[in-house]
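S.K.:
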Amino acid sequence: MTGGGRGIGRAISARLARDGYDVIIGYRSDAESAEETAEQLRALGRTSHSVQVETTDADSVAALFSAAESTGTVRAVVNNAGKVEAIGRLHDNDIAGIRRDLDVNLFGTIVCCKAATESLEASGGGSIVNISSAAATLGSPGTYVHYAAAKAGVDALTVGLSKELAPSIRVNTVSPGTVWTEFHQDRDRPAKIAESVPLGRAGNPEDIAGAVAWLLSPEASYVTGANIRVAGGM
74 MTGGGRGIGR
84 AISARLARDG
94 YDVIIGYRSD
104 AESAEETAEQ
114 LRALGRTSHS
124 VQVETTDADS
134 VAALFSAAES
144 TGTVRAVVNN
154 AGKVEAIGRL
164 HDNDIAGIRR
174 DLDVNLFGTI
184 VCCKAATESL
194 EASGGGSIVN
204 ISSAAATLGS
214 PGTYVHYAAA
224 KAGVDALTVG
234 LSKELAPSIR
244 VNTVSPGTVW
254 TEFHQDRDRP
264 AKIAESVPLG
274 RAGNPEDIAG
284 AVAWLLSPEA
294 SYVTGANIRV
304 AGGM
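Residue numbers 74 to 307, in the working numbering, belong to the letters of the sequence shown in order.
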């Protein structure tokens with residue numbers, strides 16, 4: 074999985090390890106956190122390695138999948154890598170920062186889905202889960218409308234790819250709301266939005282991990298092209 078070393082990614086990695094998966098953790102820059110997560114999974118009795126990857130680079134993504142294939146048969150892929158560098162009104166944001174956000178959040182997911190398709194087809198099928206965002210439908214005005222647009226692209230990618238790859242590969246999406254992680258430049262943002270959430274709180278990474286685990290499980294064998302919104306009612 075990409076972005077697996079911390080935050081939502083770490084919670085997903087831990088949940089999948091408890092469910093019996095060996096997990097290859099892709100990370101971009103925080104090697105220490107990724108390896109710490111891998112050590113936690115190994116302590117659960119699973120095989121786990123951390124691999125540095127640049128999701129917007131096809132060769133780097135191919136190396137990640139080669140590492141996974143050398144460990145065992147690839148049956149499940151979680152595309153979790155994401156970032157927001159440009160914060161605020163669109164008019165006030167730097168174009169270079171906006172482009173980098175679009176590259177990671179949309180193009181990087183496309184690159185990873187392409188590589189996942191090749192790997193899963195070679196192994197006889199499997200499942201892809203893309204991590205999107207509730208921002209895709211809320212729009213995130215005044216905060217990061219370009220990020221919302223990128224995640225809306227991920228949602229469309231999931232729908233189209235689910236039809237393109239059926240029946241051998243299922244493709245689904247989980248869309249978190251605001252979650253307590255280091256993703257936010259404003260670390261207090263989850264607390265600030267809590268009152269506007271119908272369920273009265275920001276999410277926890279484990280809330281997202283449960284939805285991902287279900288989509289990858291046999292219980293979801295008749296589910297593809299779906300988008301599970303885990304956003305407290307937003």
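We treat Cβ as the ideally placed atom computed from N, Cα and C, and that holds for glycine. Small disclaimer: the values here were computed from a predicted structure and weren't measured.
With the cut-off set at 7 Å, would you say serine 200 and arginine 243 are in Cβ contact?
M.R.: Yes, the pair counts as a contact, with Cβ atoms nearer than the cut-off.
S.K.: Kindly confirm or deny that the segment 237-253 and the segment 299-306 touch, where touching means at least three C-beta pairs closer than 8 Å.
M.R.: With the cut-off at 8 Å, the segment 237-253 and the segment 299-306 touch.
S.K.: So the candidates are Pro271, Gly250, Ala188; which of them puts its Cα closest to the Cα of arginine 262?
M.R.: Closest option to arginine 262, Cα to Cα, is Gly250.
S.K.: Assuming arginine 88 and alanine 304 are in contact, meaning their beta carbons sit under 8 Å apart, how far apart are those beta carbons, in whole angstroms?
M.R.: That belief does not hold up - the Cβ atoms of arginine 88 and alanine 304 are roughly 19 Å apart, past 8 Å.
S.K.: For alanine 207, which of helix, strand or coil comes out of DSSP?
M.R.: Alanine 207 falls in the coil class under three-state DSSP.
S.K.: Please list the terminal residues of the continuous alpha helix (DSSP H) segment that includes glycine 181.
M.R.: First-last of the alpha helix (DSSP H) with glycine 181: 181-195.
S.K.: Have a look at serine 123 and tyrosine 100 and give me their C-alpha separation to the nearest angstrom.
M.R.: Using only the alpha carbons, I get a separation of about 7 Å.
S.K.: Between the segment 108-121 and the segment 213-226, can you find at least three pairs of beta-carbon atoms closer than 8 Å?
M.R.: No, because fewer than three Cβ pairs between the segment 213-226 and the segment 108-121 fall closer than 8 Å, the two stretches do not touch.
S.K.: For the beta strand (DSSP E) that contains tyrosine 295, what are its first and last residues?
M.R.: Run containing tyrosine 295: none; DSSP gives neither H nor E here.
S.K.: Out of Ser139, Asp103, Ala131, Thr144, point me to the one whose CA is closest to arginine 119's CA.
M.R.: Residue Thr144 is the option with its Cα nearest to arginine 119.
S.K.: Can you tell me where the alpha helix (DSSP H) holding serine 215 begins and where it ends?
M.R.: Note that residue 215 is glycine in the sequence shown, not serine. Looking at the DSSP string, glycine 215 is not in any alpha helix (DSSP H), and its letter there is neither H nor E.
S.K.: Considering just the uninterrupted stretch of the beta strand (DSSP E) at serine 102, what are its terminal residues?
M.R.: Premise fails: serine 102 is in no beta strand (DSSP E) and is neither H nor E.
S.K.: Distance check for arginine 274 and alanine 189, CA to CA, integer angstroms please.
M.R.: Looking at the two C-alpha atoms, the distance is approximately 34 Å.
S.K.: Can you give the Cα-Cα distance for alanine 293 and arginine 115, rounded to whole angstroms?
M.R.: Going by the C-alpha atoms only, they are around 27 Å apart.
S.K.: Report buried or exposed for serine 121, applying the criterion of at least 16 other Cβ atoms within 10 angstroms of its Cβ.
M.R.: The residue in question, serine 121, is buried, as its Cβ has 16 or more Cβ neighbours within 10 Å.
S.K.: Count the other C-beta atoms from every protein chain shown that fall within 10 angstroms of the C-beta of aspartate 174, then say buried if there are 16 or more, exposed otherwise.
M.R.: Buried: at least 16 other Cβ atoms inside 10 Å.
S.K.: Would you say the beta carbon of glutamate 109 comes nearer than 6 Å to a heavy atom of the ligand SAM?
M.R.: Inclusion of the ligand SAM in the displayed structure is not the case, the ligand content being empty and no account of it being possible.
S.K.: Check whether the Cβ atoms of glycine 76 and asparagine 178 lie closer than 7 Å to each other.
M.R.: No, the pair does not count as a contact, with Cβ atoms beyond the cut-off.
S.K.: In the DSSP assignment, find the alpha helix (DSSP H) that holds alanine 169 and state where it starts and stops.
M.R.: 168-175 is the span of the alpha helix (DSSP H), which, as asked, contains alanine 169.
S.K.: Rounded to the nearest angstrom, what separates threonine 146 and serine 196 at their Cα positions?
M.R.: Spanning the two alpha carbons is a distance of roughly 6 Å.
S.K.: Taking all protein chains shown into account, do 16 or more other C-beta atoms lie within 10 angstroms of the C-beta of glycine 155, making it buried, or fewer, making it exposed?
M.R.: By the 10 Å Cβ count, glycine 155 comes out buried.
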